[in-house]
Amino acid sequence: MKKIPASFFQSHQVVQLAEELLGCELCTTINGVLTTGIITETEAYAGKGDKACHAHMGRFTKRTSVMYESGGIAYIYLCYGIHHLFNIVTNTKGNADAVLIRAIEPKTGIDIMLSRRKKSKLDKTLSSGPGNVSKALGLDKSLNGISVCGEKIWLQNTQKEPVNIVKTTRIGVDYAGEDAKLPWRFYDANSSFVSVK
DNA sequence: CCTATGATCATCT
DNA sequence: GATGATCATAGGA
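Per this note's numbering, residue 1 is the first one in the first sequence, and the count goes up by one each step.
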């Protein structure tokens, strides 16, 4: 059980980071309730040079400002008016890189996640897909900008068996032209908790 | 199996 | 006023 330090997220290699996060355990304590899950799917967003990133071409707005902070904090925003998407900001201050968590495999507090998702049975839809991950873990935009090495959100390296990593293209970013084809999505082929295979 | 559609709102133009 | 790093559901092939 090793808590991952903020320095880990300050690497300049977002894409590599996204890959390394597979298999780590994402933990949250919201309203005093603990829920955790193993990360099974991620995507990398490489700041300025990436058209699919909210901060491409150095775009700086109120929403994207947290992405320019030093790595190790959460970037959570509302998408399509309904879903909260959870990202981990990476790289050093001034670089707007982030890793989107797209799916987890529920581990601790499964009953809590079921009730948050209004489900009665555990299946892959409980926590696969970025909107569902946030909902299951109880994350919303009020937590935007807080540390991912803190009391409410943290990650730990529980490396179980090696994951079978697959690299592929990102999802829902067709508008990004050439950048939509980059193989910056990673998932664990051994897990059924993956949004799209 | 597949494609189409509604939900719903903070942020940006 | 338009739009999106999505999801669940409905209906047709």
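Virtual Cβ for every residue (Gly too), placed ideally from N, Cα, C.
Are the beta-carbon atoms of E20 and T36 separated by less than 7 Å? no
Taking 7 Å as the threshold (C-beta atoms), are T64 and A55 in contact? yes
What separation, rounded to the nearest whole angstrom, lies between the Cα atoms of S195 and G94? 31 Å
Residues bridged to L155 by DSSP? L26
Quick check: what's the CA-CA separation for I76 versus S142? 8 Å
Please name the residue or residues paired with L137 in a DSSP beta bridge. None, per the DSSP bridge assignment.
Would a C-beta distance cut-off of 7 Å place P130 and R102 closer than the cut-off? yes
Scan the stretch 40-114 and note each continuous beta strand (DSSP E) run of 3 residues or more that stays entirely inside, going in chain order. 74-79, 83-90, 97-108
Cβ shell of V110 (< 7 Å), same chain only, five flanking positions each side left out: Before going further, note that residue 110 is Ile rather than Val in the sequence given. So the list reads L122, once near-sequence residues are dropped.
Residues in the same chain with beta-carbon distance under 6 Å from H83, minus the five sequence neighbours each way, listed in chain order, please. G131
Strand pairing of V33, partner residues [DSSP]: I30
Out of K107, E69, H12, T90, which one is the CA nearest neighbour of C27? K107
Among S192, T125, N190, W184, whose alpha-carbon lies nearest the alpha-carbon of Q16? W184
Presumed contact (8 Å Cβ cut-off) between I38 and V148, rounded CB distance: At roughly 16 Å, the Cβ-Cβ gap does not stay under 8 Å, so I38 and V148 are not in contact.
If I measure Cβ to Cβ from V163 and keep anything under 7 Å in the same chain, skipping five residues before and after, which residues do I get? L22, G23, D188, N190
Is it true that the CB of Q13 sits closer than 7 Å to the CB of T92? no
Top-ranked residue by Cα proximity to G47, from Y68, N87, A96, S7: A96
With DSSP as the reference, label D170 as helix, strand or coil. Inspection of the sequence shows that residue 170 is occupied by Arg rather than by Asp. Coil.
Got a sec? Which residues, its chain only, sit under 6 Å from M67 by beta carbon, not counting five neighbours each side? A55, Y75, V89, A96, A98
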